[in-house]
Amino acid sequence: MQSLFLREAGFKIMTQSGRKIVIIGGGIAGLCTAVYALKCGYRVELLEMHDMAGGLAMSWRRGPYTFETCLHWLVGSSPNGEFHAQWQEVFDIDRLAVINPEEFVRIESERGDSVTFFTNVDRLEAELLRRAPQDALAIRDFTHSVRSLGKFRMLDPSGGLARNWQNMLHDLPIFPLLGKLSKISGREYGNRFSDPLIRSFFSMGDIGKMSAIAMVISLAWMNAGNAGYCVGGSQAIIRLIQENIEGLGGKIRFKAKVERILVENDTAVGVQLAGGEIIMADWVVSAADGHATIFDLLGGRYADAPTR
Ligand SMILES: Cc1cc2nc3c(=O)[nH]c(=O)nc-3n(C[C@H](O)[C@H](O)[C@H](O)COP(=O)(O)OP(=O)(O)OC[C@H]3O[C@@H](n4cnc5c(N)ncnc54)[C@H](O)[C@@H]3O)c2cc1C
């Protein structure tokens, strides 16, 4: 029995149980599962069908450029900010080089006029008022929301009432604003501005489709310096988590496509890879996408009508 040293508060020191967990999928969910399983004393074998880890969290280099398909800012990038401690549980986030850009977005019209969405909320307010004084009321309401959400404390999902009641009490005055912004889309939110450039910010691409809360709270985190860009993009984070897994003794296999989850008495007991290899396990965790897990790997046997 080998002791694992866990420096994070809140974790008990656990001994290796010898039990084995097979994890399907090397995206961020599978990688984080692997870290926690190793810290809880399990042996871990992670199976990823691609030749590298990350899944949707992907970036790559071409010449002097980094191409990024996922992560444009990382919430938790500030050592004192929300989520930092949670990231620290899965990798040493302080090894990342982080940039906090002054400008989040600059929008220019074909006529050459422009508006800049600064990450600093005071500069943002001044810029929007310069651009559209007629929208002063809506602008001040928007920047007030950014400032208010900056005070929001995230609840600890594993903490229950005992660990969360103080945060809940602190957040109470912010709940009505959260509720209001969660119910409308970015595009709907943008309709309150008469200026076409400001309005276009709220309706462009994914911002327009997501609920307004996503954008406003992201700006709140940027204003607090807690949503910076990680140099190297998603893969910089993925590499550090991967290193952590290997350091903790976990095994990651690439080009290992799981074809079937093996089930005995309604219990997952292992997996079969494309090519026929069988790997038995005490636990199987699928961090592949839900559809593939339910309908391909489990053959649809455990799908009830609502799931279908
Ligand atoms: C453009 C874009 C921007 C985004 N921006 C953000 C953001 O700013 N903030 C945020 O929180 N989220 C963001 N997301 C969402 C985030 O990227 C995903 O929610 C997250 O990466 C999903 O991780 P996952 O591990 O659950 O799944 P995935 O990344 O899909 O990982 C699943 C892995 O399983 C592997 N796999 C599948 N089937 C098998 C099999 N049979 N055998 C072996 N391996 C298998 C796949 O190859 C893959 O590597 C964004 C996503 C996109 C596309």
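Using this note's numbering, you'd call the opening residue of the sequence shown number 45 and step up by one each time.
C-beta: ideal position from N, C-alpha, C; glycine also.
- At least 8 Å separates the beta-carbon of I72 from that of V275.
- Collapsing the DSSP output to three states places R197 in coil.
- A distance criterion of 7 Å places the beta-carbon of I323 beyond contact range of ligand 1, judged by its closest non-hydrogen atom.
- A271 and H128 have their alpha carbons spaced roughly 10 Å apart.
- In this structure, DSSP gives W131 a helical state, which the three-state scheme calls helix.
- Beta-bridge partners assigned by DSSP to W104: F111.
- In this structure, DSSP gives L205 a helical state, which the three-state scheme calls helix.
- By the C-beta density criterion, A318 is exposed, having fewer than 16 other C-beta atoms within 10 angstroms.
- L306 has G314 as its beta-bridge partners, per DSSP.
- The DSSP-derived three-state label of E146 is coil.
- In the structure shown, the three-state DSSP call for V66 is strand.
- Under the three-pair Cβ rule at 8 Å, the stretch 307–324 does not count as touching the stretch 99–118.
- Apart from sequence neighbours up to five positions away, the residues of its chain that approach E171 with a beta-carbon distance below 7 Å are V159, T160, F162, ordered along the chain.
- Each of S262, G69, C84 was checked against the Cα of L91, and the nearest Cα belongs to G69.
- In the three-state reduction of the DSSP assignment, A300 falls in the coil class.
- One thing to note: M266 has its Cβ no nearer than 8 Å to the Cβ of F186.
- Distance from the C-beta of L115 to the nearest heavy atom of ligand 1 is below 7 Å.
- S122 has its alpha-carbon roughly 25 Å from the corresponding atom of L221.
- In this structure F135 touches L284 by the C-beta definition: roughly 4 Å separates them, less than 8 Å.
- Here the stretch 232–241 makes no contact with the stretch 75–92; the two share fewer than three CB pairs at distances below 8 Å.
- Relative to the non-hydrogen atoms of ligand 1, the Cβ of I72 comes within a distance shorter than 7 Å of at least one.
- In chain order, G230, I251 place their CB closer than 6 Å to the CB of M259, counting only its own chain and leaving out the 5 sequence neighbours on each side.
- Going by beta carbons, A325 and V66 fall inside the 8 Å limit.
- Closest in C-alpha terms to S202, from the list Q130, P217, G277, comes Q130.
- Residue side-chain check: K301 places its Cβ nearer than 7 Å to a non-hydrogen atom of ligand 1.
- Counted as a single uninterrupted DSSP element, the alpha helix (DSSP H) harbouring I282 occupies residues 278–291.
- Taken atom to atom, the span from the alpha-carbon of M198 to that of W104 is near 32 Å.
- In the DSSP assignment, A81 falls within the alpha helix (DSSP H) that extends over 72–83.
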